[in-house]
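Taking it in order: structure first as structure tokens, then the write-up.
Residue numbers (full-length UniProt numbering): 1 to 240.
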């Protein structure tokens with residue numbers, strides 16, 4: 001026999017539902033948006049892989065929506081195992097979102113993101129002629145997509161040991177002896193400017209989402225506690 005939910009318990013369930021649904025839809029939607037943007041330029045340079053981050057957000061958003069269904073069913077049908085599973089899934093989602101947010105913010109604020117990005121792009125530049133074909137494709141994709149050439153500022157022929165790649169050409173007939181026909185923007189600076197903003201936004205979003213999930217977790221934990229107390233009272237029978 002189960003106890004009927006009182007007004008306070010219904011309020012806790014409603015708050016849990018609102019926070020979980022909101023964070024789940026927002027996380028899933030932002031993950032899909034991030035993945036869509038990533039398809040425009042699918043290569044990653046430096047720490048914090050945006051493709052992996054988008055997949056993680058999509059997965060967490062989907063889990064939160066599933067958790068909402070489990071939590072509501074567990075509360076309304078008085079199924080303790082579903083309530084426990086709801087708390088576990090909420091906690092796991094909270095931890096994952098917090099890790100992504102803190103990791104991205106630390107990389108951005110400490111300069112590690114910029115250093116790892118510029119180091120990798122510089123390595124692609126100076127070793128272009130001796131790299132594998134796959135890495136050359138990665139370097140060419142960066143040059144073509146951002147219309148850039150070289151390392152950090154303007155193109156410098158000395159950054160390439162054996163001439164710049166054809167993907168640096170701003171015109172079809174450019175040669176290694178005429179820098180005016182190469183893309184003038186440095187790849188490291190333009191790429192980090194774009195990626196740095198995205199990583200910062202992802203970090204802020206995931207930290208906010210983690211806060212909302214924490215609220216949902218607290219509310220559902222309170223609801224579960226009230227449910228256990230209600231069931232205990234019913235099992236003892238009416239007071240005499």
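Note that beta-carbon positions come from the ideal geometry of N, C-alpha and C, so glycine has one too.
Task: Euclidean distance between Cα positions of residue 17 and residue 23 - done: Translated into positions along the chain shown, residue 17 becomes position 17. Translated into positions along the chain shown, residue 23 becomes position 23. Cα-Cα distance, rounded: 10 Å.
Open item on the list: As an exercise, report each continuous alpha helix (DSSP H) stretch of at least 4 residues that is fully enclosed by the stretch 3-46, in chain order.
Closed with: 7-40
Open item on the list: Between 107, 37, 167, 13, which has its C-alpha nearest residue 138's C-alpha?
Closed with: Here the question's residue 138 lines up with position 138 in the chain shown. It is 167.
Open item on the list: Once the 5 residues before and after residue 12 are set aside, which same chain residues still bring their CB inside 6 Å of it?
Closed with: By one-based count along the chain shown, residue 12 stands at place 12. Counting only Cβ-Cβ distances below 6 Å, and skipping sequence neighbours, we find 219, 222, 223.
Task: Residues sharing a beta bridge with residue 195, DSSP - done: Position 195 of the chain shown holds residue 195. Answer is none; residue 195 lacks a bridge partner.
Open item on the list: Using DSSP's beta-bridge definition, name the partner residues of residue 138.
Closed with: Translated into the one-based positions of the chain shown, residue 138 becomes position 138. In DSSP, residue 138 forms no bridge with anything.
Open item on the list: Buried or exposed for residue 195, going by 16 or more other Cβ atoms inside 10 Å?
Closed with: Within the chain shown, the letter at position 195 stands for residue 195. Buried is the call here.
Task: Whole-angstrom distance between residue 82 and residue 193, CA atom to CA atom - done: Position 193 of the chain shown, counted from the start, is the residue given in the question as residue 193. Position 82 of the chain shown, counted from the start, is the residue given in the question as residue 82. Their backbone Cα atoms lie some 45 Å apart in a straight line.
Task: Residue range of the alpha helix (DSSP H) that includes residue 103 - done: Counting from 1 along the chain shown, the entry for residue 103 is found at position 103. 80-110 is the extent of the alpha helix (DSSP H) around residue 103.
- [ ] Drop a sphere of 10 angstroms on the beta-carbon of residue 70, count the other beta-carbons inside from all chains shown, and report buried for 16 or more, exposed for fewer.
- [x] Residue 70 sits at position 70 when you count from the first residue of the chain shown. Looking at its Cβ environment, which holds 16 or more other Cβ atoms inside 10 Å, residue 70 is buried.
Open item on the list: What residue range does the alpha helix (DSSP H) around residue 71 cover?
Closed with: Looking up residue 71 in the chain shown gives position 71. Start and end: 50-76.
- [ ] Could you tell me if residue 170 is buried or exposed, where buried requires 16 or more neighbouring beta carbons within 10 angstroms of its beta carbon?
- [x] The sequence position of residue 170 within the chain shown is 170, counting from 1. Residue 170 comes out exposed.
- [ ] Can you give me the Cβ contacts of residue 30 inside the same chain, cut-off strictly under 7 Å, excluding the 5 residues immediately before and after it?
- [x] Within the chain shown, numbered from 1, the residue matching residue 30 stands at position 30. Result list for residue 30: 57, 205, in chain order.
TODO: Go ahead and label residue 227 buried or exposed: buried means 16 or more other beta carbons lie within 10 angstroms of its beta carbon, across all protein chains shown.
DONE: As a working note, residue 227 is residue 227 in the chain shown. The residue in question, residue 227, is buried, as its Cβ has 16 or more Cβ neighbours within 10 Å.
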